[in-house]
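Engineer: Before I ask anything, here is the structure I am working with.
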Amino acid sequence: MRSKLAQTLSSIPTRSIRLPQSTLRCSSTKVTGQKPTPKPQQGDADLNIKEFLSQPTWSVQSLVPPANDSANERPVSAEKLRHLLRLSALPEPKDEKEEARLMQDLASQLHFVKEIQKVDTKGVEPLRAIRDETLQAEQEAELTVEKLQEAFDNEEVLGKYHKRIRRRKDIPVVDEDTPPDWKPLDHAKRRQGDFFVVSRSKEPTP
Amino acid sequence: MSWRPTGSLFKPVRPITLSTKWNLHVQRCRRQSSLRTFQDDPQEAPDNVPIRQQLKDQLKQKKAAKKKNSKYDDHDAMGKAWELTVGIEIHAELDTARKLFSSAPTNSGSKPNTNVSLHDLAYPGAQPIFQIGTVLPALRAALALDCTIQRESTFDRKHYFYQDQPAGYQITQFYQPFAKNGTLTLGEADGISRQDGDSVDIGIERVQLEQDTAKSLVVSGDSTLLDFNRVSHPLIEIISRPDIHSPATAAAYVRKVQALLKSVGAVTAGMETGGLRADVNVSVRKRSDLAPEDTRLGQRTEIKNLSSLKAVEDAVKAERDRQIAILESGGTIEGETRGWTVGGTETYSLRKKEGEVDYRYMPDPDLPPLIISQQLIQQLQATIPLPADTLVAKLVDGYGVTEKDARTLCNMGDGERLEYFFDAVARTEDLLGSTDMTARVGRLIANFTVHEIPALMTKIDLEPQWSPELIPALQLASLVHLLHTKRIHNSAARVLLAKIFETEDGASLSVSELAEKENLLRSLQTDEDSPGTDSTDLIDDVVGPVSAQVFEVNQKMVNDILVKKEVKKVYFFVGLVMKELGKQGKAKTYDPRDVSDAVQRAFWDKYGP
Numbered sequence: 001m002r003s004k005l006a007q008t009l010s011s012i013p014t015r016s017i018r019l020p021q022s023t024l025r026c027s028s029t030k031v032t033g034q035k036p037t038p039k040p041q042q043g044d045a046d047l048n049i050k051e052f053l054s055q056p057t058w059s060v061q062s063l064v065p066p067a068n069d070s071a072n073e074r075p076v077s078a079e080k081l082r083h084l085l086r087l088s089a090l091p092e093p094k095d096e097k098e099e100a101r102l103m104q105d106l107a108s109q110l111h112f113v114k115e116i117q118k119v120d121t122k123g124v125e126p127l128r129a130i131r132d133e134t135l136q137a138e139q140e141a142e143l144t145v146e147k148l149q150e151a152f153d154n155e156e157v158l159g160k161y162h163k164r165i166r167r168r169k170d171i172p173v174v175d176e177d178t179p180p181d182w183k184p185l186d187h188a189k190r191r192q193g194d195f196f197v198v199s200r201s202k203e204p205t206p
Numbered sequence: 001m002s003w004r005p006t007g008s009l010f011k012p013v014r015p016i017t018l019s020t021k022w023n024l025h026v027q028r029c030r031r032q033s034s035l036r037t038f039q040d041d042p043q044e045a046p047d048n049v050p051i052r053q054q055l056k057d058q059l060k061q062k063k064a065a066k067k068k069n070s071k072y073d074d075h076d077a078m079g080k081a082w083e084l085t086v087g088i089e090i091h092a093e094l095d096t097a098r099k100l101f102s103s104a105p106t107n108s109g110s111k112p113n114t115n116v117s118l119h120d121l122a123y124p125g126a127q128p129i130f131q132i133g134t135v136l137p138a139l140r141a142a143l144a145l146d147c148t149i150q151r152e153s154t155f156d157r158k159h160y161f162y163q164d165q166p167a168g169y170q171i172t173q174f175y176q177p178f179a180k181n182g183t184l185t186l187g188e189a190d191g192i193s194r195q196d197g198d199s200v201d202i203g204i205e206r207v208q209l210e211q212d213t214a215k216s217l218v219v220s221g222d223s224t225l226l227d228f229n230r231v232s233h234p235l236i237e238i239i240s241r242p243d244i245h246s247p248a249t250a251a252a253y254v255r256k257v258q259a260l261l262k263s264v265g266a267v268t269a270g271m272e273t274g275g276l277r278a279d280v281n282v283s284v285r286k287r288s289d290l291a292p293e294d295t296r297l298g299q300r301t302e303i304k305n306l307s308s309l310k311a312v313e314d315a316v317k318a319e320r321d322r323q324i325a326i327l328e329s330g331g332t333i334e335g336e337t338r339g340w341t342v343g344g345t346e347t348y349s350l351r352k353k354e355g356e357v358d359y360r361y362m363p364d365p366d367l368p369p370l371i372i373s374q375q376l377i378q379q380l381q382a383t384i385p386l387p388a389d390t391l392v393a394k395l396v397d398g399y400g401v402t403e404k405d406a407r408t409l410c411n412m413g414d415g416e417r418l419e420y421f422f423d424a425v426a427r428t429e430d431l432l433g434s435t436d437m438t439a440r441v442g443r444l445i446a447n448f449t450v451h452e453i454p455a456l457m458t459k460i461d462l463e464p465q466w467s468p469e470l471i472p473a474l475q476l477a478s479l480v481h482l483l484h485t486k487r488i489h490n491s492a493a494r495v496l497l498a499k500i501f502e503t504e505d506g507a508s509l510s511v512s513e514l515a516e517k518e519n520l521l522r523s524l525q526t527d528e529d530s531p532g533t534d535s536t537d538l539i540d541d542v543v544g545p546v547s548a549q550v551f552e553v554n555q556k557m558v559n560d561i562l563v564k565k566e567v568k569k570v571y572f573f574v575g576l577v578m579k580e581l582g583k584q585g586k587a588k589t590y591d592p593r594d595v596s597d598a599v600q601r602a603f604w605d606k607y608g609p
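Residue numbers (full-length UniProt numbering), protein chains in the order written: chain S, 1 to 206; chain A, 1 to 609.
Structure, rendered in structure tokens:
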């Protein structure tokens, strides 16, 4: 629990950081479609480390699909593509050409995700955020009766025989965090009286 | 809002025909009240009056028929062949001072778009800051539902784009909710379906904290108006297990959750003002297809945003019938989200159901986990108000209150009537100098609180507002003390109550002074010499001779009853006798119902077989 970050880091094989020149040269934008070919090693049994380091085990190239990967040209159906666009509040493709381009983008993105999913994360808790995970920090965050004293003070108990708890409504609630000169409607594109206005005809289906 | 169980209430037990206006009023009160609570001896009068038995039997039959109509919802062959399964998600607005993740206030009465912070409108860079006061009502709600509170819970984003959610996601607790594994037991008094027997346990899978959405107002043209005051108001979502198998029980569950949340002060409003909304998941499966251990359910649909108990019951019924009709004609049920219009007869499709994956849940990196100490849970558990079922048991077992009245006391208003009840009982015990008679006076005081005082209020004012000051608890205690020590009759108690309520004297004189002034103290004192004896003899001594006179004068009527068997005409004599007693100034010292009984006894003694 405590050392999520450390665990995550240790699970990444550090030796793969060193990449052969060929891979580096053809990195991000241009894809050769060729696997990096390691140089054949000439004996030298004494220098195992050298041999080891010379063999790349991973390449960033694995994250991009090979060129002319016709098998994955349309990773999802046209219907599914539209569903995904709708969920993301993105516009539908105007024509077939645009649809093909979107499919291609999606294919390379899915390839990337699948590669990432190959990393063995068994027993590793997901890293939700980078924050202080010490015992002391947890104790500070723990909600106790003392920390909630103000909230308790803002309650009252009604009744002598049948006790009921009510939040007191007579205590003013002052919002100190919101800038006093900021008005929520200031940046409204359309407004009507005290309301924001949106057009129903443009509403995406929820 | 008071809620009363259906079926057995408000039935006239013994109709009486009386002439004066006051007596008409008394009659009305009687119809609303449980007459038996006034009787010293709960036993019925001897069975020598066939008419009464006849009327009683008729009422019994009517009651049974009504019960069958309203409660037996798994009707006919269809209900026997198909099993309905329902799971319910309830969203309840918590009563908090501030929003869930910003310090903006929550007051519902404010001008639109004023209680809004930068974070509520998802301004770039605005961070969510959990408002710790929110956990008090949330934890009380979860404890009331018998849940296990999780020491650590987390917040997640549920993504969807809609105008009422500026961030493009709602913050909720998908992966680790703050409370799990609760139970709610529903009994017969909660209005469950007959098929559930005496009681049924509904499992609560989880309770999670989440943000509310903005309010949309649809206006003419193509515009929708948005008020972001409600955005990020703290909600709890209570998710039940699919343990419900009838529409009536579905409504009973929502009703009870609502009452429970209110009783622990977790929420301010109920369904009537939109403070609570329910989504129901409905599926059916054919019983004959099932192996006994088979737990697989049919394809379900979700009906969203039901805002009344009636809507819950009606929508479940309609959706059950729709699904059965489709399956019986060989179709299949589509997993989808459906809607319901109040007063409608059918649910309608809103959209294809989004799968969980479509919401792309992810842990919110901006929010640390919520950590709740055991000490806080213990403190809240120790001070949580008693649930209604426990209170009802206490009232029935310890105070001799009928279960019906006990439920009404607990459900009426904001608990102030129950407080009044306990206050009046304590004061009566003081006057009696003993707590031995608690069960006896408790029953009387409950009757006054639930029936007599409201009846008076309705008489004076069409829209009465309850207040413990209407009849101060001490005065009710004095009145009950007089009644209990047999210094006044039941009917006089009502008159006295009205005098306390209506007159100047009521405020200045003590109750016993007032009783004396109004000449309401019992005319026959024998009872006091031998308390506990039945007063039947006394009333017969007075009513008997008067009755004999009126029978003599109305021989034709006597013959109608005897010869034509028009037995109901005996009530004609009751009216005449009351009138006669009125002339003698004795009407108020007797309970009209006792007079009615005495007249009937006198009649059948004289002319009976």
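Just so you know, even glycine gets a beta-carbon here, dropped at the ideal spot from N, CA and C.
If distances are taken between C-alpha atoms only, which option among A:Lys80, A:Leu395, A:Lys459 comes closest to A:Arg494?
Structural biologist: Closest by alpha carbon: A:Lys459.
Engineer: Could you give the first and the last residue of the continuous beta strand (DSSP E) run that contains S:Phe196?
Structural biologist: Its beta strand (DSSP E) spans residues 195 to 199.
Engineer: So, with DSSP's three-state summary, where would you put S:Arg101?
Structural biologist: S:Arg101 falls in the helix class under three-state DSSP.
Engineer: What whole-angstrom Cβ distance do A:Gln195 and A:Ser240 have, given they're in contact under 8 Å?
Structural biologist: Not confirmed; about 18 Å, so no contact.
Engineer: Can you give me the C-alpha to C-alpha distance between A:Ile16 and A:Leu456, rounded to a whole angstrom?
Structural biologist: In this prediction, A:Ile16 has a pLDDT of 34, which is less than 50 and means its spatial position is unreliable; what the coordinates show is noted afterwards. Whole-angstrom Cα-Cα distance: 20 Å.
Engineer: For A:Ala259 and S:Pro126, I'd like the C-alpha separation in whole angstroms.
Structural biologist: Their Cα atoms are separated by approximately 39 Å.
Engineer: Three or more C-beta pairs under 8 Å: does that hold for the segment 190 to 210 of chain A against the segment 228 to 240 of chain A?
Structural biologist: With the cut-off at 8 Å, the segment 190 to 210 of chain A and the segment 228 to 240 of chain A touch.
Engineer: To be precise: take each residue of the segment 85 to 102 of chain A, compare its Cβ to all Cβ atoms of chain S, and keep it if any distance is under 8 Å. Which residues remain?
Structural biologist: Flagged, chain order: Asp95, Thr96, Ala97, Arg98, Ser102.
Engineer: Please name the residue or residues paired with A:Ile371 in a DSSP beta bridge.
Structural biologist: A:Glu152.
Engineer: Considering A:Ala141, what are the terminal residues of the beta strand (DSSP E) in which it resides?
Structural biologist: No beta strand (DSSP E) contains A:Ala141, which is instead part of the alpha helix (DSSP H) from 135 to 144.
Engineer: Which same chain residues, not among the five before or five after A:Val218, have their C-beta less than 7 Å away from its C-beta?
Structural biologist: Counting only Cβ-Cβ distances below 7 Å, and skipping sequence neighbours, we find Thr224.
Engineer: Which term fits A:Gln165, buried or exposed, when burial requires 16 or more other beta carbons within 10 angstroms of its beta carbon?
Structural biologist: Answer is buried; the Cβ neighbour count reaches 16.
Engineer: Whole angstroms is fine: what's the gap from S:His162's alpha carbon to A:Thr185's?
Structural biologist: Taking the straight line from one Cα to the other gives about 23 Å.
Engineer: Can you find a C-beta in chain S that's less than 9 Å from the C-beta of A:Glu552?
Structural biologist: It does not: the Cβ of A:Glu552 has no partner Cβ on chain S nearer than 9 Å.
Engineer: Is the beta carbon of A:Val257 less than 9 Å from the beta carbon of A:Ile90?
Structural biologist: It is a contact, given that the beta carbons lie within the stated cut-off.
Engineer: Near A:Arg339, which residues of its chain fall below 6 Å by C-beta distance, leaving aside the five closest residues on each side in sequence?
Structural biologist: The displayed chain sequence assigns Gly, not Arg, to residue 339 of chain A. Once the five neighbours on either side are set aside, the close Cβ partners of A:Gly339 are Tyr348, Leu350.
Engineer: What does the alpha-carbon distance come out to for the pair S:Arg200 and A:Arg443?
Structural biologist: Distance between the alpha carbons of S:Arg200 and A:Arg443 is about 59 Å.
Engineer: What residue from A:Ser263, A:Ala97, A:Lys583 has the CA that sits closest to A:Met412's CA?
Structural biologist: The candidate whose alpha carbon is nearest that of A:Met412 is A:Ser263.
Engineer: Kindly say whether S:Gln192, judged by its beta-carbon, lies nearer than 9 Å to any beta-carbon of chain A.
Structural biologist: So yes, S:Gln192 belongs to the interface.
Engineer: State the start and end residues of the unbroken alpha helix (DSSP H) segment that holds S:Ser59.
Structural biologist: Run containing S:Ser59: none; DSSP gives neither H nor E here.
Engineer: Please report the Cβ distance between A:His481 and A:Leu431, rounded to the nearest whole angstrom; I am assuming they are in contact, meaning their Cβ atoms lie under 8 Å.
Structural biologist: That belief holds up - the Cβ atoms of A:His481 and A:Leu431 are roughly 4 Å apart, short of 8 Å.
Engineer: Taking only beta-carbon positions, decide if A:Asn107 is within less than 9 Å of chain S.
Structural biologist: With 9 Å as the cut-off, A:Asn107 counts as an interface residue toward chain S.
Engineer: Quick check on DSSP: helix, strand or coil for A:His159?
Structural biologist: Residue state, collapsed to three classes: strand.
Engineer: Determine the extent of the alpha helix (DSSP H) in which A:Arg320 is found, giving its start and end residues.
Structural biologist: It spans 309 to 328 - the alpha helix (DSSP H) in which A:Arg320 sits, taken as one unbroken run.
Engineer: State buried or exposed for A:Asp73, treating a residue as buried only when at least 16 other CB atoms are found within 10 Å of its CB.
Structural biologist: Model confidence at A:Asp73 stands at a pLDDT of 49, short of 50, so the residue's coordinates are unreliable; what they give is reported in the following sentence. Buried: at least 16 other Cβ atoms inside 10 Å.
Engineer: Return the residues of the segment 73 to 87 of chain S that lie within a Cβ-Cβ distance of less than 7 Å from chain A, sorted by chain order.
Structural biologist: Against chain A - using a Cβ distance shorter than 7 Å - the residues of the segment 73 to 87 of chain S are Leu87.
Engineer: In this structure, what does DSSP give as the bridge partners for A:Lys352?
Structural biologist: Paired residue(s): A:Glu336.
Engineer: Applying the 10 Å Cβ sphere with the 16-neighbour rule, what's the burial state of A:Gly400?
Structural biologist: Burial call: buried.
Engineer: Would DSSP call A:Trp604 helix, strand or coil?
Structural biologist: Correct three-state label for A:Trp604: helix.
Engineer: For A:Phe174 versus A:Tyr361, is the C-beta distance shorter than 9 Å?
Structural biologist: For A:Phe174 and A:Tyr361, yes; Cβs fall inside 9 Å.
Engineer: The beta strand (DSSP E) spanning A:Gln211 covers which residue range?
Structural biologist: Here the beta strand (DSSP E) through A:Gln211 covers 199 to 211.
Engineer: Helix, strand or coil for S:Asn154 per DSSP?
Structural biologist: Of the three classes helix, strand and coil, the one that applies to S:Asn154 here is coil, per DSSP.
Engineer: Count the other CB atoms, across all protein chains shown, that sit within 10 Å of the CB of S:Val124; report buried if there are 16 or more and exposed otherwise.
Structural biologist: With fewer than 16 Cβ atoms within 10 Å of its Cβ, S:Val124 is classed as exposed.
Engineer: Just checking: is the beta-carbon of A:Leu470 within a distance shorter than 9 Å of some beta-carbon in chain S?
Structural biologist: With 9 Å as the cut-off, A:Leu470 does not count as an interface residue toward chain S.
Engineer: Who are the neighbours of S:Asp177 on chain A, taking C-beta pairs under 9 Å?
Structural biologist: Residues of chain A passing the Cβ test: Ser102, Ser103, Ala104, Ser117, Leu118, His119, Ile129.
Engineer: Residues bridged to A:Gln165 by DSSP?
Structural biologist: Looking at the DSSP assignment, A:Gln165 forms a beta bridge with A:Tyr162.
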